[in-house]
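Here is the structure we will look at, set down as structure tokens.
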Amino acid sequence: MVKSIIWFRNDLRVSDNAVINYCIENKRKVLPIYIYDPFTSLGSASKWWLKQSLISLDKSLKGSLALFEGEPNKVLLDLVNNHGIKEILWNARYLKDDINQDNDIKNIVKNHDVNCITFHSCLLKNPQNTLKKDATPFKVYTPFYKQQYQDMTYELFNYNTEEIDFIDCKYNEQISKILDSTIKTEKWHQKLLSEWTPGEAGAQKKLKVFLSDGLNGYSEGRNRPDKQHTSMLSAHIRFGEISIREIAKSVEKIKTEDAEVFYKELVWREFSYHLLYHFPHLVDTNLQKKFDNFKWLDNQDHLKSWQKGMTGYPIIDAGMRQLYETGYMHNRVRMIVGSFLVKNLLIHWKYGQEWFWDTLVDADIASNSASWQWVAGTGADAAPYFRIFNPVTQSKKFDPDGDYIRKYVPELKNIPNKYIHLPSELDDKSLIEYGVKLGSDYPYPIVDLSITRERALSAFKKLSKSTS
DNA sequence: CCTGGAGTTGTCCTA
DNA sequence: TTAGGACAACTCCAG
């Protein structure tokens, strides 16, 4: 009987997983493993999530998940030598460094008569296959969507997980103990526990709640941070705790605008991976070269105020505090804070990308990079340079009653709706009536919106005239 | 190769 | 109050 390693990476689930399907169909004896490589960059919030998720996966695998710390090639080679492994199975990753690592491993173990097989369960489609007719990659979302993803139907794997045949060897008596010593988490992670349930069961529950309560009215409601119309699935998807096909399938028969808009959001994730795969420098270099000469400002005070949610613009501060407290931020607000950092503060998008990477539980290398480049205008299909969000206008439009602001910026809770979007409009006397003293209870705006807007317009305008 | 239409998410000013 | 145009010009994409 062939002995195989299932190497879990970004697919921490047993349901609808091509690797598991292969093992059952081909009657493999399997050793499921996870390798924690301390040298790979993982954000702080992601580490917390990963830890919880692995505990959950271990349960789904009846306590058979073996956890290792170290360089994957060494760990795998040891296992191959000690257990007579003939196959290593995994779902593909799409970051250049990861692809290289996988290829290296493939070559190393080949000398030991071990075969590596790559599956694609992390995306709806393998980005290798999503090219235009002329075989070059799409750079615009709409044609990408129309040609590649519209009117698709998805099939799920159908197997009984009871049939997984584990190799009988215990590596970790208690995975949670080992995790405590390998993946260091920080104090502030404690509060994440009350917000999230990482793992397959938690993911399934979120999907169910979304389909029954969130989807109806999604196309409008998704823009409202004060409402509950988003799926909250992003982190579960990031770690592969739920199959992206399963999510797509759950809405494919619903012929409403809401369902299509939601499905399009899934395809935006595909588009980000498509870009990452075909333009690996997406993570650290402007996709549009002409931005390499752009003079960003280096203002550490502004950056810190932004990170802490102390900019004096309530919608920005609510978003940034939601992020820090919960590891998540509503999508509309991500755009508003992103535009503010890049356009009003003129701070390089990489600082936003880094902060999000560290604090978001759903931090995803493709989506995070592509989206920051999008909002900065340096990316594919990017926002025109003159599209600068006004945080006050956006706040009035999408959080009209200030419910979202009051939740995360409680010092403003007594300010009436009319002024909550910009308290500095009020005079000191009225503010004191509402229990706020600007400058001590809540900051004055750190920059003037119209001045910084004009500044950004002229800086970006100069650039658009220069040759790329 | 040429051509024409289109391109996630906005804001502000003017009439 | 509201609707329309300016904000630029470019690149992408399909035929």
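Each residue of the first sequence is one higher than the one before, counting from 24 in the numbering used here.
A virtual CB, placed ideally from N, CA and C, is assigned to each residue, including glycine.
In the same chain as H301, and ignoring 5 residues on each side of it, the C-beta atoms closer than 6 Å to its own belong to P160, in chain order. Contact check for A68 against L179 fails: the beta carbons are separated by 8 Å or more. For G350, the closest C-alpha among the options F379, K155 and Y374 is that of F379. Less than 8 Å divides the Cβ of W71 from the Cβ of H212.
Classified as exposed, A158 has fewer than 16 neighbouring CB atoms from the shown chains inside 10 Å of its CB. Burial of F285 is indicated by the presence of at least 16 other C-beta atoms within 10 angstroms of its C-beta. Residue pairing by DSSP leaves I270 without any beta bridge partner.
For the options W30, V306, N149 and P166, the alpha carbon positioned closest to that of K287 is the one of P166.
A direct Cα-Cα distance of roughly 21 Å separates L102 from I47. For N114, the enclosing beta strand (DSSP E) stretches over residues E110 to N114. Of the candidates F412, S27, V232 and G222, the residue whose Cα lies closest to the Cα of K82 is G222. Leaving aside the five residues that flank Q171 on each side, the residues in its chain whose CB is nearer than 7 Å to its CB run, in chain order, K148 and T153. Counting only runs of 3 or more residues that sit fully inside the region 228-256, no beta strand (DSSP E) segment turns up.
A direct Cα-to-Cα measurement between K419 and H444 gives close to 7 Å. In the three-state DSSP reduction, P221 falls in the coil class, being neither helix nor strand.
T401 is classed as buried because its beta carbon has at least 16 other beta carbons within 10 Å across all chains shown. Classified as buried, S79 has 16 or more neighbouring CB atoms from the shown chains inside 10 Å of its CB. In terms of Cβ geometry, E94 and Y59 do not form a close pair [threshold 8 Å]. Restricted to the region 398-483, the alpha helix (DSSP H) segments that are unbroken, complete and at least 4 residues in length are 414-421, 426-431, 440-443 and 451-456, listed in chain order. Around the beta carbon of R410, fewer than 16 other beta carbons sit within 10 angstroms, so the residue counts as exposed. Only residues of its own chain outside the window of five on either side were considered, and among them Y117, L146, P150 and A389 have a CB closer than 7 Å to the CB of Y296, listed in chain order. Collapsing the DSSP output to three states places S394 in a helix.
In the DSSP annotation of this structure, the continuous segment of the beta strand (DSSP E) that includes W30 starts and ends at K26 to F31. Going by C-alpha positions, D464 is about 9 Å away from L435. Counting the other CB atoms within 10 Å of its CB gives P433 a total below 16, which places it among the exposed residues. In this structure, Y177 lies near E275, with their beta-carbon atoms less than 8 Å apart. About 6 Å separates the beta carbon of P468 from that of Y336, a gap short enough to meet the 8 Å contact definition.
Note on H135: under 16 other CB atoms within 10 angstroms of its CB, so exposed under the neighbour-count rule. The C-beta separation of P414 from F483 comes to about 18 Å, leaving the pair out of contact by the 8 Å criterion. Judged by DSSP secondary structure, C46 falls within the alpha helix (DSSP H) whose first and last residues are A41 to E48. Between V98 and F421, the alpha-carbon positions lie close to 50 Å from each other.
In the DSSP assignment, Y286 falls outside any beta strand (DSSP E) and lies within the alpha helix (DSSP H) extending over E280 to H301.
Shown here for H259: same chain residues with a beta carbon closer than 6 Å to its own, the five before and five after excluded, namely A226 and I265 in chain order.
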